[in-house]
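Residue numbers for the sequence shown follow the working numbering, so the first one is 17 and each next one is one higher.
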Amino acid sequence: EEWERPINIEYFNSNGLHNFSINAGVRIHGYASREYPQKSLKIYTRKKYGKDHLDFKLLPNRNNEKYERFILRSVFRGWPHTSINDVLASDIVKDLNFEYLDYQPVIVYLNGEYWGLYTIRERIDEKYISYLYDIEEDNVDPIFNPYWPHLNGPDYADLLSFIEENDLIIQNNYNYI
């Protein structure tokens, strides 16, 4: 949070029409992308920048028209060779009964300088799960790192302890999980 910087974003559609302009905050997103020239960027709308959300349908296959944050994802995994790996994986599974991240390809200019091809992506967090599945945000407890459970908070650690200490063949224990 200490690194977040104020920005203004203007969005033009593929026909060159201006769709919105909003003041927001920006941070570098991800870990691996920091090593490459083209960084992924996390965009935050906040009241201190003027408005606490963006009213615009950013992604073509989602019904969400209200965003508090989103990601401008670089193509770092394939950089500098290919830019389709990430979106190809989403396209392959989007018609299956399987969760996927929608995307919108965009060309990014920073301070008027061409910065490259990016994709607008959703940020996977409690807000994403809340709007996607129509669940109250307070009822979502995301697990961010299954490999280091101690980083996920006490609810997840308690759940793991319950699983380890109880017989899940017993229906009440299974129902609890």
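All C-beta atoms in this analysis are idealised placements derived from N, C-alpha and C, irrespective of residue type, glycine included.
The alpha helix (DSSP H) spanning residue i covers which residue range?
{"i": "glutamate 138", "result": "Taken as a continuous stretch (DSSP letters only), glutamate 138 belongs to no alpha helix (DSSP H), as it is neither H nor E."}
{"i": "tyrosine 47", "result": "Run containing tyrosine 47: none; DSSP gives neither H nor E here."}
{"i": "leucine 148", "result": "142–149"}
Do the CB positions of residue i and residue j come within less than 8 Å of each other?
{"i": "tyrosine 65", "j": "asparagine 39", "result": "yes"}
{"i": "phenylalanine 36", "j": "phenylalanine 72", "result": "yes"}
{"i": "tyrosine 119", "j": "arginine 139", "result": "no"}
{"i": "isoleucine 151", "j": "isoleucine 145", "result": "yes"}
{"i": "leucine 88", "j": "serine 56", "result": "yes"}
{"i": "glutamate 51", "j": "histidine 69", "result": "no"}
{"i": "asparagine 80", "j": "tyrosine 149", "result": "no"}
{"i": "aspartate 171", "j": "aspartate 154", "result": "no"}
{"i": "asparagine 191", "j": "aspartate 183", "result": "no"}
{"i": "isoleucine 132", "j": "glutamine 187", "result": "In the sequence as displayed, the identity of residue 132 is glycine instead of isoleucine. Cβ atoms of glycine 132 and glutamine 187: not closer than 8 Å."}
Tell me, to the nearest whole angstrom, how far the beta carbon of residue i is from that of residue j; I am working on the premise that it is less than 8 Å.
{"i": "serine 90", "j": "tyrosine 130", "result": "Actually they do not touch by this definition, with Cβ atoms about 14 Å apart."}
{"i": "glutamate 20", "j": "glycine 41", "result": "4 Å"}
{"i": "lysine 58", "j": "arginine 43", "result": "5 Å"}
Since residue i is in the beta strand (DSSP E), which residue starts that stretch and which ends it?
{"i": "leucine 126", "result": "119–126"}
{"i": "isoleucine 185", "result": "That residue, isoleucine 185, is in no beta strand (DSSP E); it is neither H nor E in DSSP."}
{"i": "isoleucine 87", "result": "85–89"}
Tell me, please, which residues DSSP counts as bridged to residue i.
{"i": "phenylalanine 36", "result": "Tyr27"}
{"i": "lysine 67", "result": "Arg62"}
{"i": "lysine 110", "result": "BP columns for lysine 110 are empty, so no partner."}
Under 8 Å, Cβ to Cβ, is there at least one residue of chain D near residue i?
{"i": "tyrosine 144", "result": "Absence of chain D from the displayed structure is noted, only one protein chain being present."}
Taking 7 Å as the cut-off, is the C-beta of residue i nearer than that to any heavy atom in the ligand MN?
{"i": "arginine 137", "result": "The ligand MN is not among the ligands present in this structure, which contains no ligands whatsoever."}
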